[in-house]
Each structure stands twice: as C-alpha cells, then as structure tokens.
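Residue numbers (the working numbering): 1491 to 1573.
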C-alpha cells in the first residue's frame, strides 16, 4: 500500500473539450520525492491542482495513508498534510 495513490484520474474541461488527465495513476511512498515532467498541456499542473483541492477530478480516487479521501478545497489538503 502506497502512502499516496491517485488512481484512474480523469479531468475533462467540458467548456473547451480538453482532456487534461486520462486515467492517470500516481503512487508515492513515504519520504519519496518525485518529479512530474512532460510537454506543455500534458496535464501536470491539473494533476497537482486536483491533489491540492483546487480542481475536482471527473473520475478516479485519491488514497492517502491507506484511506480514500476527498479533497474538495485547499483546506482539506492542508488538514491531511498534503502540500
């Protein structure tokens, strides 16, 4: 079990039809450091906005410390210790 998992994250901007994240999976163990790299428009910032409660995924789950969590706003992320 990972310390932080994002599974099947989908984020579609309906207004523009842009699919920013298409079934993205991310797994991070405690005390690990990761870099998310990719081309412009690849969905990196969107994924981090979802993790920090600035945007909501259209589909997918976030598990933190073994429990599925809902991060609706930045305060939720802060309370969990994500940030």
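A virtual CB, placed ideally from N, CA and C, is assigned to each residue, including glycine. Fair warning: this is a prediction, and the values are worked out from it, not measured in the lab.
Residue i versus residue j: straight-line alpha-carbon distance, rounded
i            : j            : result
residue 1552 : residue 1560 : 7 Å
residue 1499 : residue 1521 : 23 Å
residue 1565 : residue 1545 : 13 Å
residue 1515 : residue 1495 : 7 Å
residue 1538 : residue 1555 : 18 Å
residue 1488 : residue 1491 : The requested residue 1488 does not occur in the structure, where the chain is confined to residues 1491 to 1573.
residue 1493 : residue 1542 : 16 Å
residue 1523 : residue 1547 : 23 Å
residue 1528 : residue 1510 : 12 Å
residue 1517 : residue 1563 : 21 Å
residue 1558 : residue 1549 : 13 Å
Terminal residues of the alpha helix (DSSP H) in which residue i lies
i            : result
residue 1537 : 1534 to 1541
Residue i (DSSP reduced to helix, strand or coil)
i            : result
residue 1565 : helix
residue 1502 : strand
residue 1449 : Beyond the ends of the chain as shown, which are 1491 and 1573, falls residue 1449; an answer cannot be given.
residue 1494 : strand
For residue i, the first and last residue of its enclosing beta strand (DSSP E)
i            : result
residue 1527 : Note, residue 1527: premise wrong, no beta strand (DSSP E); not H, not E.
residue 1512 : 1508 to 1518
residue 1552 : 1549 to 1554
residue 1558 : 1557 to 1559
Contact belief for residue i with residue j at Cβ below 8 Å, rounded distance in angstroms
i            : j            : result
residue 1526 : residue 1534 : 5 Å
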